[in-house]
Amino acid sequence: MKTIIISYSYTGNNEALAESVAKELSAKHYKVTTSKPLSMMTILLDMMFSRMPKVDPLPDITKEYDLVLLFGPIWMGKTASPLRAYLSTLKRNPRPYGFISISGGADGGNPKLAQELLKRTGKSPVILLDQHLSELLPPSSQITRKETSSYKINEADLKQLTKHTLEAIKKIIERKENI
Ligand SMILES: Cc1cc2nc3c(=O)[nH]c(=O)nc-3n(C[C@H](O)[C@H](O)[C@H](O)COP(=O)(O)O)c2cc1C
């Protein structure tokens, strides 16, 4: 099954996971860049006005693959703006897709994410994994947005997150190959 991994990351967490999973699957991995570098201000404006920044690689690249795996952060309960152009392309050219995130989880999850993905692509993802930094923090720490947003995953976290992500992806790949 020809699988593409496309990742966007602002602070490095999702890129580290995407890289580790791509290596294990020997899948092609593209790291998304925006034509103008994002800042906290442009992120907030993107989310408030539902903006979709121009990105590289061009979203049409998804047409060449059987399974599209998008990795990226969740901002204000929604998919990070640099991944939205890929979701729009998946609406015009449907492919089985997964959305995998390491998000903060300080507020207990992102309940509107599944609905947003369905709206943007017209189809539910075959994999939806929202893994939370709040679960990786030491038990003694106060789980606040400030704390999760500044947390960078370490080697042990990466190993655990990679294992969990691979289990979910392999189930889907095996199911598709048996059809
Ligand atoms: C502007 C902004 C908004 C965020 N909103 C959420 C949110 O709604 N839900 C959540 O779980 N995490 C939220 N986070 C936390 C990020 O999803 C989390 O830090 C993630 O691991 C960052 O991924 P990255 O290192 O790949 O950029 C937010 C972070 C930022 C900077």
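All residue numbers for the sequence shown refer to the working numbering, where the first residue is 480 and numbers rise by one.
Even glycine gets a Cβ: it sits at the ideal position worked out from N, Cα and C.
The structure presented is a predicted model; accordingly, all values stated were derived computationally and were not measured.
Item	Value
Classify A635 as buried or exposed, calling it buried when 16 or more other Cβ atoms lie within 10 Å of its own Cβ.	exposed
Grouping DSSP H, G and I as helix and E and B as strand, with all else coil, what is K510?	strand
Mapping DSSP to helix, strand and coil, what is Y565?	helix
So that I know if they touch, is there some Cβ in chain D lying closer than 9 Å to that of T512?	Looking at the structure shown, chain D is missing, and only one protein chain is on hand.
Examine ligand 1 and report whether any of its heavy atoms sits within less than 8 Å of the Cβ of D586.	yes
Compare the beta carbon distance of K484 and L548 with 9 Å and say whether it is the shorter of the two.	Lys is not the amino acid found at residue 484; the sequence shown has Ile there. Yes.
Can you tell me which of the three DSSP states T623 falls into?	coil
Mind checking S560: buried by the 16 CB within 10 Å criterion, or exposed?	buried
Quick check on the DSSP output: the beta strand (DSSP E) that includes I540 runs from which residue to which?	That residue, I540, is in no beta strand (DSSP E); it is neither H nor E in DSSP.
How many Å lie between T449 and T568 at the Cα?	The structure shown has nothing for residue 449, since the chain only spans 480 to 658.
Between N492 and I581, what straight-line distance do the alpha-carbon atoms span, to the nearest angstrom?	7 Å
Apart from the five residues on each side of it in sequence, which residues of its chain come closer than 7 Å, Cβ to Cβ, to E494?	S486, S488 and K510
What residue range is occupied by the uninterrupted alpha helix (DSSP H) comprising V547?	Where V547 is concerned, there is no enclosing alpha helix (DSSP H), although the beta strand (DSSP E) it sits in stretches over L546 to F550.
In chain order, what residues of the same chain have a beta carbon less than 6 Å from the beta carbon of N572, not counting five sequence neighbours either side?	K542
Please report the Cβ distance between L637 and S499, rounded to the nearest whole angstrom; I am assuming they are in contact, meaning their Cβ atoms lie under 8 Å.	6 Å
Per DSSP, which one or two residues make a beta bridge with H611?	S582
Helix, strand or coil for I632 per DSSP?	coil
With a threshold of 8 Å, establish whether the CB of I622 neighbours any heavy atom of ligand 1.	no
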